[in-house]
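Below is one structure, written out as structure tokens; the observations come after it.
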Amino acid sequence: MSFTAEVKDELARVPPTCSHCEKATLAALVRIEGTLFFSGQGTYRIEIATDVPSVARLIIKLLHELYHLKTELTVRRSVLHKTPNYLIEVPAQPHLADALRDMGVLSEEGGLELGIKESLVAKECCTAAYLRGAFLGSGFVSDPRGDFHFEVTVESGDLAEGLVDLLDRKGINARVMQRRSSHMVYLKSGAAILEFLAFTGAHQSALSMENARVIKSVRNDVNRMTNAEIANQAKAASASVDQIYAIKEVLEAHGMENLPPALQEFIRLRVTYPDATLKELGERATPPLSKSAVYHRVRRIEQMAKELHR
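Under the UniProt record's numbering, the first residue of the sequence shown carries the number 1, and numbering increases by one thereafter.
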């Protein structure tokens, strides 16, 4: 099961906080995932599709309990993904138009509602319930072990802006991107996605995501430390090669016995310990030397080598 399906399964089982929360959840589901058909003479029928069984059960349950509507369920199997898809049909029947107006799908004037009906989200718990329904309808969240990405796709720009406004009320920063004929409400930061999951009631999914974030952060820190160590080792190795090459030229030109004792000691240490850092060479000297003292001797050797090429 994908992480999106896990989140939807958890959200579909969140109990309502107040008596209006379930209506808000159903309204968002029908508005976002439903397809409305005009059957003539002022009658309508709707179809709602989902590939998560717990979401299908929730839709049917709420349609029956809240509005006493008849439904028909068809289980289809995707040839491409080999997974079942659930088609919930609500045939034309009395009071369906009233239910659609109550859910903010139809306006009081009879046309389609463009934004979000404010009475559905008057309370914070109902706002959470509406956002929960929106994600159950067309939400996607990436596996937290990879890059963070969250989106809810809707057809109406007004509905997309309405969802952004609901998220903003909770301090969750969302943006809208138009994609062909649809609009995508998206979150990019892991912190914002965590806030959404917690606000809408997906606490177990939020915990799983936080665990993945911690593991990812530790792994990134280890990788940075390893890369830094490798870079430092490569830098030290390159410097050592340059120093040994300079030593070879100085010895060929002057001979070991004609060099000052301090340079002779450095040369012996560098040739004996080619992979050691300057700090480590200083610790092996007798008496021990500071890193700056060793570096001074390196500069003297390199200067002598340069003078040979003039």
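C-beta: ideal position from N, C-alpha, C; glycine also.
Any chance the segment 238-253 sits against the segment 302-309, with 3 or more Cβ pairs inside 8 angstroms? yes
Give the single residue among Tyr273, Thr272, Leu263 whose Cα lies nearest to the Cα of Tyr295. Within the sequence shown, residue 295 is the residue found at index 295, counting from 1. The shortest Cα separation from Tyr295 among Tyr273, Thr272, Leu263 belongs to Leu263.
Do Leu163 and Thr127 have their beta-carbon atoms positioned less than 7 angstroms apart in this structure? Taking the sequence shown and counting its residues from 1, the one referred to as residue 127 is at position 127. Taking the sequence shown and counting its residues from 1, the one referred to as residue 163 is at position 163. No.
For Gly111, the first and last residue of its enclosing beta strand (DSSP E): Numbered from its first residue, the sequence shown carries residue 111 at position 111. Looking at the DSSP string, Gly111 is not in any beta strand (DSSP E), and its letter there is neither H nor E.
Taking only runs of the beta strand (DSSP E) that begin and end inside the segment 178-241, which ones reach a length of at least 3 residues, in chain order? 182-187
Extract the residue ranges of the beta strand (DSSP E) inside the segment 119-164, only unbroken runs of 3 or more that lie entirely within it. Within the segment 119-164, complete beta strand (DSSP E) segments of at least 3 residues are found at 139-141, 150-154, given in chain order.
Output needed for Ile116: all residues of its chain with C-beta closer than 6 angstroms, excluding positions within five of it in sequence on either side, in chain order. Taking the first residue of the sequence shown as position 1, residue 116 is located at position 116. Answer for Ile116: Gly162, listed in chain order.
Counting pairs of beta carbons, one from the segment 30-40 and one from the segment 132-149, are three or more of them closer than 8 angstroms? yes
Between Ser2, Ser39, Glu47, Lys123, which has its C-alpha nearest Thr83's C-alpha? Counted from its first residue, the sequence shown places residue 83 at position 83. Residue Ser2 is the option with its Cα nearest to Thr83.
Let me know if His64 comes out buried or exposed under the rule of 16 or more other beta-carbons within 10 Å of its beta-carbon. Mapped onto the sequence shown, residue 64 falls at position 64. Counting Cβ neighbours within 10 Å, His64 comes out exposed, since fewer than 16 surround it.
Backbone secondary structure at Ala27 - three-state DSSP: The residue you call residue 27 lines up with position 27 of the sequence shown. Ala27: helix per DSSP, three-state reduction.
If you draw a straight line from the alpha carbon of Arg145 to that of Asn223, how long is it in whole angstroms? Along the sequence shown, one-based indexing puts residue 145 at 145. Along the sequence shown, one-based indexing puts residue 223 at 223. When rounded, the distance between both Cα atoms is 16 angstroms.
Counting only runs that start and end within the segment 247-295, where is the beta strand (DSSP E) found for 3 or more residues in a row? Residue ranges of uninterrupted beta strand (DSSP E) with 3 or more members are absent from the segment 247-295; none lies entirely inside it.
Considering only the alpha carbon of each residue, which of Glu124, Ala24, Lys279, Leu106 lies closest to Phe199? For the purposes of this step, residue 199 is identified with residue 199 of the sequence shown, where counting begins at 1. Taking only the C-alpha atoms, the option nearest Phe199 is Glu124.
Note the first and the last residue of the continuous beta strand (DSSP E) segment covering Val52. Your numbering for residue 52 matches position 52 in the sequence shown. Val52 -> no beta strand (DSSP E), and no H or E assigned at all.
Could you tell me whether the Cβ of Glu10 comes closer than 7 angstroms to any Cβ of chain D? Annotation note: the requested chain D is absent from the structure, which comprises a single protein chain.
Could you tell me which of Val241, Thr277, Gly190 sits nearest to Glu229, measuring between CA atoms? Position 229 of the sequence shown, counting from 1, holds the residue named residue 229. Closest option to Glu229, Cα to Cα, is Thr277.
At the level of alpha carbons, what is the spacing between Asp186 and Ser238? Numbered from 1 along the sequence shown, position 186 holds the residue referred to as residue 186. Numbered from 1 along the sequence shown, position 238 holds the residue referred to as residue 238. According to the sequence provided, residue 186 is Tyr. The question's Asp does not apply to it. Rounded to the nearest angstrom, the two C-alpha atoms are 47 angstroms apart.
Leu62 to Glu118, Cα distance in whole Å? Residue 62 sits at position 62 when you count from the first residue of the sequence shown. Residue 118 sits at position 118 when you count from the first residue of the sequence shown. One C-alpha to the other measures close to 20 angstroms.
Reducing DSSP to helix, strand and coil, say where Leu69 ends up. The sequence position of residue 69 within the sequence shown is 69, counting from 1. In the structure shown, Leu69 sits in coil (DSSP, three-state: anything other than H, G, I, E or B).
Among Gln93, Ala160, Val52, the one whose alpha carbon lies nearest that of Tyr86: By one-based count along the sequence shown, residue 86 stands at place 86. Ranking the options by Cα distance to Tyr86, first place goes to Val52.
Could you please give the first and the last residue of the uninterrupted alpha helix (DSSP H) stretch that includes Thr4? Start at 1 with the first residue of the sequence shown, and residue 4 comes out as number 4. Looking at the DSSP string, the run of the alpha helix (DSSP H) that includes Thr4 is 3-11.
Using 8 angstroms as the cut-off, can you tell me whether the segment 141-155 makes contact with the segment 98-118, which would need three or more C-beta pairs spanning the two stretches below that distance? no
Close-in-space but distant-in-sequence residues of the same chain around Glu10 (CB under 7 angstroms, 5 per side omitted): The count along the sequence shown starts at 1 and reaches residue 10 at position 10. Excluding residues within five positions, the ones whose Cβ falls inside 7 angstroms are Ala202, Gln204, Ser205.
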